[in-house]
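What follows is a short report on a single structure.
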Amino acid sequence: MFQVGDTVTYGTSGACRITAMENKRLGDRTLDCLILKPIYDSSLTISVPTSNELLMGKMHAVISRAEALELIHQMRQEPADYETDMNARKLYYNDTLRNGNHRQLVQMIKSIYQFKQARMANGKRLSSFDENAMREAENMLYTEFALALDIKPGEVVPFIRQQVEPQA
């Protein structure tokens, strides 16, 4: 069970700190809730009822520095297959964002990024659906990487590039 002071990831909100455990009145019930504050967005507060397995299942411990580095070093080998069928792509994005699997998030970001580059080369833009999905996946992964690697979120992409691109 998570404790006040723990750092976790929560759904698409990314890295959060558990700041309190409070009783919240919801309708005719009083529920024990964990209060989360996203580390990189102080304007948001999230209440998670501890009795709600679905919502508690969105919460995971932050990966270690070693796990983050291993994932980054394996990025080049991750497949980047872009699903052309819009309905299948929506299901894939939703499943990937819901389960928060790091490897699948990397694959999703990589495939959308490569598709975006190809569209831009043809003078076209990426759909807002793809853009939003990529932004959510990046927020989930990059805030966790920033925390695990003790860097700022804006430094994550340059750090990744430095690690995966061949040295000149």
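FYI, the numbering for the sequence shown is -3 to 164, going by the working numbering.
Every residue gets a Cβ at the ideal spot worked out from N, C-alpha and C, and that includes glycine.
Leaving out five residues before and five after residue i in sequence, what residues of the same chain have Cβ atoms less than 6 Å from its Cβ?
i	result
residue 7	54
residue 104	92, 133
residue 76	106, 107, 110
residue 85	79
Measure the Cβ-Cβ separation of residue i and residue j and say whether it is below 8 Å.
i	j	result
residue 137	residue 61	no
residue 78	residue 100	no
residue 159	residue 69	yes
residue 129	residue 147	no
residue 131	residue 122	no
residue 102	residue 66	no
When you compare each of the options to residue i by their alpha carbons, which one comes out closest?
i	options	result
residue 71	154, 106, 37	106
residue 83	51, 38, 126, 21	126
residue 1	50, 27, 58	58
Starting from the C-beta of residue i, find all residues in its chain whose C-beta is less than 7 Å away, skip the five residues before and the five after it, and write them out in chain order.
i	result
residue 157	none
residue 18	29, 31
residue -2	4, 14, 30, 55
residue 64	141, 144, 145
residue 152	138, 141, 142
residue 112	122
residue 135	8, 10
Spatial neighbours of residue i within its chain, please: CB distance less than 8 Å, with the 5 preceding and 5 following residues excluded, ordered by chain position.
i	result
residue 139	5, 10, 11, 34, 35, 36, 149
residue 40	9, 33, 34
residue 51	44, 45
residue 22	45
With a threshold of 7 Å, establish whether the CB of residue i neighbours any heavy atom of the ligand HEM.
i	result
residue 41	Absence of the ligand HEM is noted for the structure shown, with no ligands found whatsoever.
The segment 90 to 98 contacting the segment 34 to 46, beta-carbon criterion three pairs below 8 Å: Counting Cβ pairs under 8 Å, fewer than three are found: no touch.
Continuous alpha helix (DSSP H) assignments of at least 4 residues falling wholly in the segment 57 to 130: Taken in chain order, the unbroken stretches of alpha helix (DSSP H) that lie wholly in the segment 57 to 130 and span 4 residues or more are 61 to 69, 82 to 95, 98 to 117.
Stretch pair the segment 25 to 34 + the segment 1 to 16: three plus CB contacts closer than 8 Å: Yes, they touch.
Beta strand (DSSP E) segments (min. 3 residues) lying fully within the segment 2 to 32: Every unbroken stretch of the beta strand (DSSP E) spanning 3 or more residues and falling wholly within the segment 2 to 32 is given here in chain order: 3 to 6, 10 to 22.
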